[in-house]
Structure formats: structure tokens, C-alpha cells
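Protein chains in written order, with the working numbering: chain A, 826 to 1114; chain B, 74 to 346. Heads up: the structure comes next, in C-alpha cells.
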Amino acid sequence: MAGLSAKSHLRGLPFVAPAFLYLLAITIVPTVMLVRYAFSDWEIGDFGGIQFVGFETFALVLENPITVDNFKATIVYVAAAVLAELILGLLIALVLVKSFRGAGLIRTLLIAPVIMVPIGAGFVWRYILSPDLGVVNWAMEGLGLPYIQWFGAKPWAMWSVVIADVWQWTPFVMLILLAGLVAIPQSLYEAAEMDGATALQKFTHVTLPLLWPTIAVAAVLRFIWAMKSFDTIFAMTRGGPGTYTSILNFEIYKEAFLKFHTSYAAAMGVLLLIFTIVVTRLILSFVKD
Amino acid sequence: MTKAIERIGVWGFMAIVLFFFLFPLFWMILMGFKNQAQAFSDPPLFLFTPTLENFVFGFETLGWGKNVINSLIVATLATAISLILGVPCAYGFARFTILGDKHLRFWILSIVMMPPVVAAIPIFAIWSKLGLIDTHLGLALAHTIFNLPLVIWLMIGFFRDVPKEIEEAAEMDGCNAIQTLLFVSIPVAKSGLATVTTLSFILSWNELLFANILTQRNAQTLPPAIGALWKDFGLLWGQIGAITMVATIPVMIIGFFLQKHLVCGLTLGAVKE
């Protein structure tokens, strides 16, 4: 058997090797460079070699009060968006799983936000929420509701970008949860009914426990994706007012490509990588319990 | 009676849901057909004489046609490279045991987790040295960082669904491993291949961050061209609506036709139909 498996290793290798070497080159080289930048004070346009400064750049990042704001913004943005998407996505999935006429069409139509070009969607939302030209403030005025500055002021700027994220990604969460719901055997519900379970009991004792792994998958995927949010923030607030909606991912973009603080951005990037890995691990271990 | 109330409740809820998720698309279309005065009207206009001036100005003066072609080239290149490297790789993982394959697969998936902006910093420096800035190939290569792992990850699942017996029968008939892949496994897994092709294409088509950083005039794709309509003096709403339609409608058409495949792809294979 050992001989056979060794042969199998060799047979698989030519298929795997090209992609593997390509990915190695295109990810390891940049990662090494990123870490080198992070331990230096190098900026794009410096023609001299890289001067290493140890943890000095990291200290600069961590001592900067803006970094604390970025962390806060990231946590609020990601937590609010992912939570809202899970709840709303579950509600919609619970309705759509009862196959009624039009359910298929609704499901198809709901894919639109996920595949619409995100920067365009961000601008459309900015137009919709525009304080003076926007259709939302116009409708609210008609209903006698107060005028809102939306993306121009705290805390509404954060809710504006969260709304756009929820709009874009809830259908995605819904589709995952719907697939999970469909997979729950109907016989379990029938058995629960025989035992006289109410609708709520069926939900908490059958649906939720069996759907839990699917919810976890959706939560992890959305968490990872939300940490990388860029396009809608770029289109709606540019991280403003001030740095109020500047999540880490966006602040790194500003530092690296608008201010050209390469090493500073690289140090932030290393911190963001570590942060993402740690939180993903936390979610996964929480899910396993 | 309770059935009727339930039905009304369901339809009411669905009406609100559909309104929320589809209104921005409706508003995008109205935006695109408004002239500057109509777009800046307060209160917002629902009924107005539509104009094509945004599209005419965009294609004749701003060169949107070139942006469309650039987007097509970059998305096609990125998808082609990802498929050529990724499909055999996935086949290798699905079909053979490879030393440390679990770790390798996890490493490949973890690349998808990486925030693109973090990769963009060194990529910008390297691409500048290699002369890849503002080229189609440069942007397409950057897109493969994320599309290739996705192709590999999803195709492993699809190849595992191909019955082993079919592949073994082909080998009995004298096919070598490459022939088996090309003439047996790929045709059987063709709906999976459609999924990853669509997904890779759309991801690349919609991608903003790398496109913004790595292209200027020559290879500029649609997303940065949309971003460029935010001028210092304000936003050109009509043109933004029009170009967003240009960028969105082709993807929507593909998406609606291939929706089942797309759902599976978007959920990283968590959902299979």
C-alpha cells in the first residue's frame, strides 16, 4: 500500500505544482515585503535602501489615537452589519422556505444586490440618502419625521454605510441559510407536531439547533468579507466625517495610497492580518461548542 | 381565517423586503436618465423627460467604451489564468493523495481571507519595478491572487462529486491522467466549471481597490471610472447612474441565467444544489 500511495503522491504532483508555485510566488513574496516595510520607516519614493527600525513603526501606529478610532469603527461596523444580515437573512429564508407561488422569482431577484458593481451601489445609496437631494429625507419629511444629515454626521454616517452593507449582503446570507433550511428533514417537524410542539417550539428545538452550523458558516464568511469592506465606504463617506467610518481596511488604503506612508500602512496591515486571524479563530471555536 | 392572515402577513413582509432590495436598482435607472438639473432637483423627481445625454457624453467624451473593453479583457485574462492553473490543481487534490494536502488546502483558503489592501501595498511596489502598472496583465495578475484560490477551493468539491468509477473506466480504456481530466472529469463537472467561471469573471469585473491603484488611463476598468465621477466640486449623479447601469446590466444578465451556479459559488461551496 505504501508503494501505491507514494506513486499517487507523484501522480498528483504535476497537477498541483504549477498553481502552488504560482500562489507561493504571488503571495509569499508580497507578504515578506509587507513585513519588511512594517519593520522599517520606508516610504514609496525613498530611493535609498530600507532602514530597519524594529518595532518603532508599530509603536507609532499603536500610540496614534486614530488607530483606536479605526478599531472601534471596525468593530461597530462589522458587528452591526453581520448581526443585522444574519437576523434579516434568517427571517427572509424562513418565509421563502415555505414554497409558495413567486418564491423562486423572489429568490432570483434578490441576487441583484450581491452582484451589482459595489462602487456603483455605494454611489446610488449616497444619492438615496443625500441630505438635500435624497429620496429618503424627502419621504421622511412627508411623514413628518426629522431631517437627518445621514453620512455627513455622527452616528448616522456609520448607520449609512451599515445600511448599504446590509442591503448588499443580506441576500447572500439568506441564500446560505435557505439551503440549510431546505436540508432539515421534514420528518423532524412532523414528529415535533405529534408531540404537540407550537410553532415557536419547533423553531427553537428543531430549526435553530439544526441550522446552527449553517449560521456559523454564514457568520464566518460575512465576518471575513466585512473586514475587507472598501467600495461602499469609498463611495459614501471616504471614512468620514473625520475618521468616524474609517475601518482599519480603509485607513490602510488612505495611509498607503493617499498619504504614501508605506511603512506605517504596512504595520497597520500586519496588525489587521493578526486581528482577522484571531477573531476568525475565536468565532470558529465558539461555533464548535 | 388564520391561513388568510398568515398569507397576508407573508406577502406584506415580502413586499417590504423586495422594495428595500430592489429600490436602489430602480433609482439607479432613474438617475442614469436624468440630466444635471433633474438629478439635482429637490424634491427628487419620479416623473421626468428621460435623456440619453449621460450615455452619449460618457461614451463619446469620457471613453466608457474603452473602460468596458478593459474590464472585459482584465476579467477574461484573470479568469483564464485562474482556470488554467486552478482546475488541474483542484483535480490533483480531489483525485490523488498529496503529502500534506490538508495543510496546503488550508493555506490556499486562508489567502482568500487576506484583506486585499494589505496585499496591494507590496504588489504596487513590485508591479512598478516590473513595469506592470496600468497594464491589463498587471491588473489581471493581481486579481488572480483571490480568484485562483477560489477556483481551486470550489473545483475540489466539484471534482469530488465526479464518480470515481467513470474516471477509472477511462483509465482502463487507456486514457492517461491528463486525458481523463480533459475528456471525462471536466465534462462531468461542467456545471461546477460554469460556477467558478462566472464567479471569477464577476469578481474581477466588479473589483475596485486593485483597479484604482494599479491602473491609470490605458487599462482603467469600469469601477475606477465610476469612482472618478466624484469630482472635487461634487458628484455627477446622472453620469454615475448611467455608467453604473453599463457596468451592472451585463453582470445581472449573466447572474440571472446562471443563478443556481452563482449561489453555490458565492457561498464558497457551502451550498450545493
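Don't be surprised by glycine CBs; every beta carbon is placed ideally from N, CA and C.
Can you name the residues that DSSP bridges to residue i?
i         : result
Thr308(B) : Looking at the sequence itself, residue 308(B) is Leu, so the reference to Thr does not match. Its beta-bridge partners are Trp303(B).
Within its chain, find whatever has a CB closer than 6 Å to the CB of residue i; leave out the 5 residues flanking it on each side and keep chain order.
i          : result
Gly1005(A) : Leu1036, Thr1039
Val235(B)  : Ser258, Val261, Ala262
Ser144(B)  : Trp278, Thr294, Leu295
Gly828(A)  : Summary for Gly828(A): the model assigns pLDDT 42, below 50, so the residue's position carries little reliability, and this model does not support an answer.
Val1104(A) : none
Is any beta-carbon of chain E found at less than 7 Å from that of residue i?
i         : result
Pro161(B) : Of the chains in the structure shown, none is chain E; the protein chains are A and B.
Can you look up residue i in the DSSP assignment and give me helix, strand or coil?
i          : result
Phe877(A)  : strand
Ser865(A)  : strand
Asp174(B)  : helix
Met1019(A) : helix
Leu958(A)  : coil
Glu280(B)  : coil
Gln993(A)  : helix
Gln1026(A) : helix
Arg1047(A) : helix
Gln109(B)  : helix
Ala262(B)  : coil
Leu1002(A) : helix
Ile206(B)  : coil
Ile1040(A) : helix
Leu118(B)  : coil
Phe197(B)  : helix
Ile936(A)  : coil
Thr1068(A) : coil
Asp1056(A) : helix
Ser924(A)  : coil
Gln332(B)  : helix
Asn291(B)  : coil
Leu968(A)  : coil
Gln1011(A) : helix
Skipping 5 residues on each side, what residues in its chain have a beta carbon closer than 8 Å to that of residue i?
i          : result
Phe329(B)  : none
His1030(A) : Ala1017, Ala1022
Asp990(A)  : Tyr902, Ala906, Glu910, Ala1051, Ser1054, Thr1057
Gly131(B)  : Trp137, Gln312, Ala315, Ile316, Val319
Gln332(B)  : none
Tell me the rounded alpha-carbon separation between residue i and residue j.
i          : j          : result
Asn279(B)  : Leu287(B)  : 15 Å
Met87(B)   : Pro161(B)  : 43 Å
Phe1075(A) : Asp1056(A) : 9 Å
Pro971(A)  : Ile102(B)  : 28 Å
Phe128(B)  : Ile313(B)  : 10 Å
Phe845(A)  : Ala151(B)  : 17 Å
Val1045(A) : Leu1109(A) : 8 Å
Gly230(B)  : Phe948(A)  : 37 Å
Ala198(B)  : Tyr862(A)  : 11 Å
Phe997(A)  : Gly247(B)  : 44 Å
Gly159(B)  : Leu919(A)  : 36 Å
Thr317(B)  : Val942(A)  : 7 Å
Ser1088(A) : Gly1094(A) : 9 Å
Ile194(B)  : Ala1092(A) : 11 Å
Leu125(B)  : Ile944(A)  : 22 Å
Leu308(B)  : Thr208(B)  : 28 Å
Gln993(A)  : Glu238(B)  : 42 Å
Leu352(B)  : Val185(B)  : Look at the range of chain B in this structure, 74 to 346, and you will see that residue 352(B) is not part of it.
Met1061(A) : Gly959(A)  : 13 Å
Met965(A)  : Phe106(B)  : 25 Å
Which residues in chain B have a C-beta closer than 8 Å to the C-beta of residue i? List them in chain order.
i          : result
Trp992(A)  : Phe93, Phe94, Pro97
Asp894(A)  : Going along chain B, no residue has its Cβ under 8 Å from Asp894(A), so there is no contact; the nearest lies around 18 Å.
Arg836(A)  : Phe169, Ala250
Leu1105(A) : Leu is not the amino acid found at residue 1105(A); the sequence shown has Thr there. The contacting residues are Met186.
Residue i touches chain B at which residues, Cβ-Cβ below 7 Å?
i          : result
Thr1087(A) : Ile194
Ile1024(A) : Just to set this straight, residue 1024(A) is Ala in the shown sequence, not Ile. None at all; the shortest Cβ gap to chain B is about 10 Å.
Asp957(A)  : Asp115
Asp1122(A) : Nothing in the structure corresponds to residue 1122(A), since chain A is present only between 826 and 1114.
Quick one: which chain A residues come within Cβ less than 7 Å of residue i?
i         : result
Gln332(B) : Thr933, Ile936
Asn279(B) : Val942, Pro943
Asp234(B) : Simply none; closest approach about 16 Å.
Phe128(B) : The contacting residues do not exist; Phe128(B) stays about 15 Å from chain A at best.
Trp310(B) : Tyr952
Using a Cβ cut-off of 9 Å, pull out every chain A residue sitting near residue i, in sequence order please.
i         : result
Met325(B) : Ile936, Ala937, Ile940, Met941
Which residues of chain A have a Cβ atom closer than 8 Å to the Cβ of residue i, listed in chain order?
i         : result
Leu295(B) : Val942
Pro260(B) : Correct list: empty, because the minimum Cβ distance to chain A is about 17 Å.
Ignore the nearest five residues each way along the sequence and tell me which others in residue i's own chain have a CB closer than 7 Å to its CB.
i         : result
Phe179(B) : none
Glu868(A) : Phe1085, His1086, Thr1087, Ser1088
Ala112(B) : Met104, Trp310, Gly311
Could you tell me which chain B residues have their CB closer than 9 Å to the CB of residue i, listed as they occur along the chain?
i          : result
Tyr1014(A) : Neighbours of Tyr1014(A) on chain B: none; closest Cβ ~16 Å, over 9 Å.
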